[in-house]
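**Q**
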Amino acid sequence: MIEQQLVGALIDDYVARGVFRGTALPSNRATLESYGIVWFRGQVMRLDVDARRVRVCLQDVLPPIAPRSRIDRDLRNWLRSRESPDLPAHRSIDPLQFKTELRRAGGRLQLTVTSRSGAADEATRKLLRLVNELYLDFLAAPERYDWIVATLDLDPDQPRWP
Amino acid sequence: MTGAEAFANLCSKEDLAALFCCPGNYTVINALAAAGIPTYGGRTEGAMCAMADGFSRATGEVVATSGTEGPGFAHMIMNIAAANAARTPLLVLASNMTLAGDDREAFIQQAYQQPTTEGIKKYGKRMIDPARVHEYGAYAFRCLKSGVPQPVHLDFPAEVARARFKSPTELRDFYDKSKYRSESRASPAAKDVDTALALIAKSQRPLIVAGQGVFQRKGWDALRRAAEKADIAVVTSGPTRGFFPDDHRLSIATAPNALLSADLVIFVGQYCMPSPGEYRLDPQIKAIRVHPVQEDLGRNWPLDLGIVSDEALFLEILADRLPKAKRDAWVAELTKARSDYQAQIDEIYKLGLDHSAKTGMLHPAVITRDTQNFIDTHPDGRQSIATGLGGWTIGLFAGRYMRAYRPAQEILPPYQYGAIGPDMAMMMGVSCAVQRGVGPQKGYEGTPTICITSDAGAAYSLMELDTAIKYSWPTITIVYNNNAWGVWPHASRSARSMHMYLFQEHLRYDQMATALGARGEYVRTPADFRAALARAYKAGRDDKASTLINCQAIKEFTSGKDYPPGVSLNAEPGAGAIAH
Numbered sequence: 109m110i111e112q113q114l115v116g117a118l119i120d121d122y123v124a125r126g127v128f129r130g131t132a133l134p135s136n137r138a139t140l141e142s143y144g145i146v147w148f149r150g151q152v153m154r155l156d157v158d159a160r161r162v163r164v165c166l167q168d169v170l171p172p173i174a175p176r177s178r179i180d181r182d183l184r185n186w187l188r189s190r191e192s193p194d195l196p197a198h199r200s201i202d203p204l205q206f207k208t209e210l211r212r213a214g215g216r217l218q219l220t221v222t223s224r225s226g227a228a229d230e231a232t233r234k235l236l237r238l239v240n241e242l243y244l245d246f247l248a249a250p251e252r253y254d255w256i257v258a259t260l261d262l263d264p265d266q267p268r269w270p
Numbered sequence: 008m009t010g011a012e013a014f015a016n017l018c019s020k021e022d023l024a025a026l027f028c029c030p031g032n033y034t035v036i037n038a039l040a041a042a043g044i045p046t047y048g049g050r051t052e053g054a055m056c057a058m059a060d061g062f063s064r065a066t067g068e069v070v071a072t073s074g075t076e077g078p079g080f081a082h083m084i085m086n087i088a089a090a091n092a093a094r095t096p097l098l099v100l101a102s103n104m105t106l107a108g109d110d111r112e113a114f115i116q117q118a119y120q121q122p123t124t125e126g127i128k129k130y131g132k133r134m135i136d137p138a139r140v141h142e143y144g145a146y147a148f149r150c151l152k153s154g155v156p157q158p159v160h161l162d163f164p165a166e167v168a169r170a171r172f173k174s175p176t177e178l179r180d181f182y183d184k185s186k187y188r189s190e191s192r193a194s195p196a197a198k199d200v201d202t203a204l205a206l207i208a209k210s211q212r213p214l215i216v217a218g219q220g221v222f223q224r225k226g227w228d229a230l231r232r233a234a235e236k237a238d239i240a241v242v243t244s245g246p247t248r249g250f251f252p253d254d255h256r257l258s259i260a261t262a263p264n265a266l267l268s269a270d271l272v273i274f275v276g277q278y279c280m281p282s283p284g285e286y287r288l289d290p291q292i293k294a295i296r297v298h299p300v301q302e303d304l305g306r307n308w309p310l311d312l313g314i315v316s317d318e319a320l321f322l323e324i325l326a327d328r329l330p331k332a333k334r335d336a337w338v339a340e341l342t343k344a345r346s347d348y349q350a351q352i353d354e355i356y357k358l359g360l361d362h363s364a365k366t367g368m369l370h371p372a373v374i375t376r377d378t379q380n381f382i383d384t385h386p387d388g389r390q391s392i393a394t395g396l397g398g399w400t401i402g403l404f405a406g407r408y409m410r411a412y413r414p415a416q417e418i419l420p421p422y423q424y425g426a427i428g429p430d431m432a433m434m435m436g437v438s439c440a441v442q443r444g445v446g447p448q449k450g451y452e453g454t455p456t457i458c459i460t461s462d463a464g465a466a467y468s469l470m471e472l473d474t475a476i477k478y479s480w481p482t483i484t485i486v487y488n489n490n491a492w493g494v495w496p497h498a499s500r501s502a503r504s505m506h507m508y509l510f511q512e513h514l515r516y517d518q519m520a521t522a523l524g525a526r527g528e529y530v531r532t533p534a535d536f537r538a539a540l541a542r543a544y545k546a547g548r549d550d551k552a553s554t555l556i557n558c559q560a561i562k563e564f565t566s567g568k569d570y571p572p573g574v575s576l577n578a579e580p581g582a583g584a585i586a587h
């Protein structure tokens with residue numbers, strides 16, 4: 109329960125910092141707590157916090173991506189690169205501490221971070237930073253420009269978020 | 008003395024740096040010229056307005072622009088809006104025919120001016136009472152020289168401009184600038200400075216975003232002193248670059264990967280505020296904002312600390328009071344991130360050379376990288392040449408490669424408003440400032456300026472080459488000629504739409520330049536481009552000649568599908584940022 113309160117406080121902090129435009133009230137389903145957060149491009153994303161398994165999952169992190177497509181391969185490589193020891197410690201995801209997974213569920217992409225040390229709030233922090241970098245780094249790379257404009261249906265004169 | 012002369016005398020006492028205009032509003036512009044204000048006349052009001060803006064972006068000085076009553080004034084609108092986005096202290100002057108003709112459509116050129124500039128000015132007034140002409144002139148300069156500058160729009164009906172006064176007693180509030188405005192600036196509260204120092208002390212990776220306010224308040228020495236004292240990373244933002252050099256060990260302008268590591272951001276003089284998510288920063292970053300006007304604090308970006316202060320005063324106090332601190336890990340991260348970014352754009356340059364060789368056309372990475380290489384290796388010194396970057400495809404590529412090493416070395420014509428077209432004219436205003444050695448351009452007199460623009464952009468101000476030749480401003484304009492608007496890929500799925508995005512192919516902008524009295528070069532290979540640039544510089548330096556280099560490209564370079572990586576937006580904040 110304390111873990112869930114810490115996660116709630118973290119999400120409130122993101123709202124206060126103007127990162128999330130708002131959150132829907134969390135819904136409780138046994139040990140699973142779900143938050144609806146409004147983030148990049150005004151998308152509503154569902155954040156599931158499973159305190160028992162110390163696992164946090166962001167649903168609909170990106171529009172559907174075809175399996176084994178170039179963007180799919182690049183995204184997985186980019187996620188692996190986040191575990192590189194070449195990254196500074198404050199940016200990297202230590203695979204001994206956290207497990208990162210990109211999954212498909214009913215055509216939707218979900219990104220999950222599981223804490224091996226038992227801290228759900230730290231897992232949430234890692235996940236949210238990861239998604240922030242996914243939008244501001246991975247998707248901002250020159251080779252992704254055409255893809256994001258077409259896939260996210262962005263106005264060519266306003267191709268940025270939020 | 009006429010109303011126009013009373014106003015012109017006030018402008019002279021306020022050291023109005025220049026007037027860029029087309030004939031029209033005759034009484035006022037003639038009075039300004041007679042009062043000794045440096046005046047320049049050109050071909051279109053819109054371009055002359057952009058020249059005024061460029062002059063101010065390069066110097067920080069107050070400038071004026073003027074045009075004919077209705078049509079000329081309307082032509083200026085795009086560039087008044089661009090100046091507004093850049094927070095340029097631009098005095099827009101226009102006459103409004105006569106009060107007697109109001110609501111009667113009397114003769115020609117009647118228009119209601121003030122509603123037209125609604126939302127793109129700090130202050131505007133249509134003068135009605137001739138006795139108040141000096142009072143409103145004072146109002147204008149109070150707005151232009153206090154707080155956050157923006158355009159000020161005064162329109163003069165003939166009854167005001169031509170009114171005759173026999174004695175100063177006939178003018179309302181006819182007193183000196185020392186009485187009608189103040190040079191006093193807000194100093195930060197001691198408690199706020201203490202809080203800022205505490206936040207900086209806790210930070211491992213602090214970052215200063217130094218905005219246009221730091222440039223306009225000439226706070227660059229204090230900025231550098233503060234940053235160096237405590238190893239704080241710095242990136243500048245705004246329409247003017249170079250007041251923190253890109254090659255400084257603490258510069259993060261060309262280290263986009265490090266931006267996401269910063270844990271504290273201090274916005275100083277950031278007039279055009281982004282929202283979270285628009286800057287490449289960590290979502291939990293703490294934020295301090297220093298701004299001269301209290302009511303803007305907290306707009307768009309939630310703050311941990313807001314400080315009301317003049318930018319230069321804050322930075323001086325910060326530099327004095329900051330304890331010395333070493334942040335070796337942060338500095339090492341900046342160094343690595345700069346090196347990684349350089350490797351990335353070097354790779355793109357190699358691709359560009361390959362694309363150029365295979366197509367026999369000039370890739371934008373080659374044009375822009377080789378231009379910067381020309382500047383970096385020039386015997387006059389890499390600080391000498393002022394540059395301006397516009398256009399879509401070419402502008403975004405230029406943002407990656409072009410560098411600035413001294414205040415106002417680089418101007419960003421599209422900053423925030425995103426106007427395509429004022430580039431050439433704006434850089435002519437910069438060239439005027441360089442040739443006169445005004446403000447930070449002092450010491451670079453005689454040096455040609457370089458404008459990088461597109462074929463789409465050149466169309467808006469190409470005729471002003473006539474003006475550059477007339478006033479002997481040596482300008483070099485590099486036109487990226489890809490036969491299309493840069494946004495053509497957005498029609499690529501529709502054959503019915505594509506024609507709207509295309510021009511005639513291989514248009515000879517160089518020949519148009521020649522016809523206007525400038526030099527023209529038409530190039531298609533990297534070697535030819537480098538040689539043409541060297542010739543253009545020499546002609547500008549030795550003969551004050553202007554040159555247009557028409558770089559033939561193909562529109563497909565914009566698309567990453569055929570010619571990777573294609574166009575993309577650059578990281579914000581940083582070199583190449585155009586939005587905030």
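Residue numbers (my numbering), protein chains in the order written: chain L, 109 to 270; chain Y, 8 to 587.
All C-beta atoms, glycine included, are put in the ideal place defined by N, C-alpha and C.
The structure displayed is predicted, hence computed values, not measured ones.
1) Rounded to whole angstroms, what is the Cα-Cα separation between E76 (chain Y) and M83 (chain Y)?
2) Taking only the alpha-carbon atoms, compute the straight-line gap between S363 (chain Y) and L369 (chain Y) and give it to the nearest angstrom.
3) Within the 8 Å Cβ cut-off, does Y143 (chain L) reach chain Y?
4) Roughly how many whole angstroms lie between the Cα atoms of R207 (chain L) and F246 (chain L)?
5) Starting from R163 (chain L), trace the beta strand (DSSP E) both ways and give me its first and last residue.
6) Of the residues that make up the stretch 294–322 of chain Y, which ones have a beta carbon closer than 7 Å to any beta carbon in chain L?
7) So, P414 (chain Y) versus F250 (chain Y), is the Cβ gap smaller than 8 Å?
8) Figure out for me which residue from Y:L360, Y:K357 and Y:R537 has the closest Cα to the Cα of Q379 (chain Y).
9) Where does T384 (chain Y) land, buried or exposed, given buried means 16+ other C-beta within 10 angstroms?
10) Please specify which runs of the beta strand (DSSP E), each continuous and at least 3 residues long, are wholly inside the stretch 303–390 of chain Y, giving them in chain order.
11) Pick from L:D168, L:A228 and L:I201: whose alpha carbon is nearest that of G215 (chain L)?
12) Using a beta-carbon distance below 8 Å, is R334 (chain Y) in contact with chain L?
13) Who does F210 (chain L) pair with in a DSSP beta bridge?
14) Going by alpha carbons, who is nearest to A217 (chain Y) out of Y:D183, Y:I259 and Y:K209?
15) Give a yes or no on whether 8 Å exceeds the smallest Cβ distance from A213 (chain L) to chain Y.
16) Return the chain-ordered list of same chain residues with a C-beta closer than 6 Å to the C-beta of N557 (chain Y), the five sequence neighbours on each side being excluded.
17) Note down, one range per segment and in chain order, each beta strand (DSSP E) of at least 3 residues found wholly within the stretch 196–231 of chain Y.
18) Compare the C-beta of L5 (chain Y) against all C-beta atoms of chain L and say whether one is closer than 8 Å.
19) In chain order, what residues of the same chain have a beta carbon less than 8 Å from the beta carbon of D253 (chain Y), not counting five sequence neighbours either side?
20) So F148 (chain L) is in the alpha helix (DSSP H); what residue range does that whole segment cover?
21) Measure the C-alpha to C-alpha separation of P45 (chain Y) and L106 (chain Y) and round it to an integer number of angstroms.
22) With 16 other CB atoms within 10 Å as the buried threshold, where does A79 (chain Y) fall?
23) Tell me the DSSP secondary structure of G276 (chain Y) in three-state form.
24) Just the chain Y side, please: which residues come within less than 8 Å of D254 (chain L) by C-beta, in chain order?
25) According to a CB-to-CB cut-off of less than 7 Å, which residues of the stretch 257–287 of chain Y neighbour chain L?
26) Between the alpha carbons of A240 (chain Y) and L419 (chain Y), how many angstroms are there, rounded?
27) Using alpha carbons as the reference points, say which of Y:M435, Y:D535, Y:I459 and Y:I427 lies closest to Y408 (chain Y).
28) Of the residues that make up the stretch 170–202 of chain L, which ones have a beta carbon closer than 7 Å to any beta carbon in chain Y?
29) Could you check whether the Cβ of P481 (chain Y) sits closer than 8 Å to any Cβ belonging to chain L?
30) Please check the pair I427 (chain Y) and G398 (chain Y), which I expect to be a contact at CB under 8 Å, by giving their CB distance rounded to whole angstroms.
31) In whole angstroms, what is the alpha-carbon distance linking D550 (chain Y) and P455 (chain Y)?
32) Tell me, to the nearest whole angstrom, how far the beta carbon of I207 (chain Y) is from that of L230 (chain Y); I am working on the premise that it is less than 8 Å.
33) Sort Y:E112, Y:A57, Y:A113 and Y:M431 by Cα distance to V99 (chain Y) and report the nearest one.
34) Cutting at 6 Å between CB atoms, please list the residues of its own chain near A11 (chain Y), excluding the five before and the five after it.
35) When the Cα of D254 (chain L) is compared with those of Y:V574, Y:E563, Y:Y187 and Y:F172, which residue comes out closest?
36) Measure the alpha-carbon distance for H255 (chain Y) versus A502 (chain Y) and round it to whole angstroms.
**A** So, to answer that:
1) Residue mapping note: residue 76 (chain Y) aligns to position 69 of the second sequence, counting from 1. Residue mapping note: residue 83 (chain Y) aligns to position 76 of the second sequence, counting from 1. Spanning the alpha carbons of E76 (chain Y) and M83 (chain Y) requires a straight line of approximately 11 Å.
2) Along the second sequence, read from residue 1 onward, the residue named residue 363 (chain Y) stands at position 356. Along the second sequence, read from residue 1 onward, the residue named residue 369 (chain Y) stands at position 362. Spanning the two alpha carbons is a distance of roughly 5 Å.
3) By one-based count along the first sequence, residue 143 (chain L) stands at place 35. Closer than 8 Å: no.
4) Indexing the first sequence from 1 puts residue 207 (chain L) at position 99. Indexing the first sequence from 1 puts residue 246 (chain L) at position 138. This sequence places Lys at residue 207 (chain L); Arg is not what is there. Computed Cα separation, rounded: 19 Å.
5) For this step, residue 163 (chain L) is matched to residue 55 along the first sequence. Per DSSP, R163 (chain L) belongs to the beta strand (DSSP E) from R163 to L166.
6) Those residues of the stretch 294–322 of chain Y that come within reach of chain L (Cβ to Cβ, closer than 7 Å) are W308 and P309.
7) Counting from one through the second sequence, the residue named residue 414 (chain Y) turns up at place 407. Counting from one through the second sequence, the residue named residue 250 (chain Y) turns up at place 243. Contact flag set, yes.
8) Working through the second sequence from its first residue, we reach residue 379 (chain Y) at position 372. Out of Y:L360, Y:K357 and Y:R537, Y:R537 has the C-alpha closest to the C-alpha of Q379 (chain Y).
9) For the purposes of this step, residue 384 (chain Y) is identified with residue 377 of the second sequence, where counting begins at 1. Flag for T384 (chain Y) reads exposed.
10) Segments of the beta strand (DSSP E) lying fully in the stretch 303–390 of chain Y: 312–315.
11) On the first sequence, position 107 is the one that residue 215 (chain L) refers to. Looking from the CA of G215 (chain L), the closest CA among L:D168, L:A228 and L:I201 belongs to L:D168.
12) Along the second sequence, one-based indexing puts residue 334 (chain Y) at 327. By this cut-off, R334 (chain Y) is not an interface position.
13) If you number the first sequence from 1, residue 210 (chain L) lands on position 102. Residue identity check: residue 210 (chain L) is Leu in the sequence provided, not Phe. According to DSSP, L210 (chain L) bridges with L:L219.
14) Looking up residue 217 (chain Y) in the second sequence gives position 210. Selected option, being the one with the closest Cα: Y:I259.
15) Position 105 of the first sequence holds residue 213 (chain L). Between A213 (chain L) and chain Y, the shortest Cβ-Cβ separation is not below 8 Å.
16) Here the question's residue 557 (chain Y) lines up with position 550 in the second sequence. Closer than 6 Å at Cβ, skipping near neighbours: V486, N488, Y516, D517 and Y529.
17) For the stretch 196–231 of chain Y, whole beta strand (DSSP E) runs of length 3 or above, ordered along the chain, are 213–217.
18) Nothing in the structure corresponds to residue 5 (chain Y), since chain Y is present only between 8 and 587.
19) Residue numbering aside, residue 253 (chain Y) sits at position 246 when the second sequence is read from its first letter. Excluding sequence neighbours, D253 (chain Y) sits near A260, T261, R410, A411, Y412 and A582.
20) Counting from 1 along the first sequence, the entry for residue 148 (chain L) is found at position 40. Segment: none, F148 (chain L) is in no alpha helix (DSSP H) and carries neither H nor E.
21) Here the question's residue 45 (chain Y) lines up with position 38 in the second sequence. Here the question's residue 106 (chain Y) lines up with position 99 in the second sequence. If I take the Cα positions, the gap works out to 30 Å.
22) The residue given as residue 79 (chain Y) occupies position 72 in the second sequence. The residue you asked about is not Ala; residue 79 (chain Y) is Gly in the sequence shown. A residue is called buried once 16 or more other Cβ atoms fall within 10 Å of its Cβ, and G79 (chain Y) is buried on that count.
23) By 1-based counting over the second sequence, the position of residue 276 (chain Y) is 269. Coil.
24) As a first step, residue 254 (chain L) must be located in the first sequence, where it is residue number 146. Per Cβ cutoff of 8 Å: P496, S566, G567, K568 and G573.
25) Within the stretch 257–287 of chain Y, the qualifying residues are L267, S268, S282, P283, G284, E285 and R287.
26) Here residue 240 (chain Y) is taken as the residue at index 233 of the second sequence, counted from 1. Here residue 419 (chain Y) is taken as the residue at index 412 of the second sequence, counted from 1. Cα to Cα, the separation comes out at about 22 Å.
27) If you number the second sequence from 1, residue 408 (chain Y) lands on position 401. The residue with the shortest Cα to Cα distance from Y408 (chain Y) is Y:I459.
28) Result list: P196, H198 and R199.
29) Reading the second sequence from its first residue, position 474 is the one you call residue 481 (chain Y). Judged by the 8 Å Cβ criterion, P481 (chain Y) is not in contact with chain L.
30) Along the second sequence, one-based indexing puts residue 427 (chain Y) at 420. Along the second sequence, one-based indexing puts residue 398 (chain Y) at 391. Indeed they touch by this definition, with Cβ atoms about 7 Å apart.
31) Taking the second sequence and counting its residues from 1, one reaches residue 550 (chain Y) at position 543. Taking the second sequence and counting its residues from 1, one reaches residue 455 (chain Y) at position 448. Taking the Cα positions, D550 (chain Y) is about 10 Å away from P455 (chain Y).
32) What you label residue 207 (chain Y) is simply residue 200 of the second sequence in a count that begins at 1. What you label residue 230 (chain Y) is simply residue 223 of the second sequence in a count that begins at 1. So it is not a contact: roughly 14 Å between Cβ atoms.
33) Taking the second sequence and counting its residues from 1, one reaches residue 99 (chain Y) at position 92. Among Y:E112, Y:A57, Y:A113 and Y:M431, the Cα nearest to that of V99 (chain Y) belongs to Y:A57.
34) For this step, residue 11 (chain Y) is matched to residue 4 along the second sequence. So the qualifying residues of the chain are T34, V35, A38 and A168.
35) The count along the first sequence starts at 1 and reaches residue 254 (chain L) at position 146. Proximity to D254 (chain L) across Y:V574, Y:E563, Y:Y187 and Y:F172 peaks at Y:V574, based on C-alpha coordinates.
36) As a working mapping, residue 255 (chain Y) is identified with position 248 in the second sequence. As a working mapping, residue 502 (chain Y) is identified with position 495 in the second sequence. Between the alpha carbons of H255 (chain Y) and A502 (chain Y) lies a gap of roughly 49 Å.
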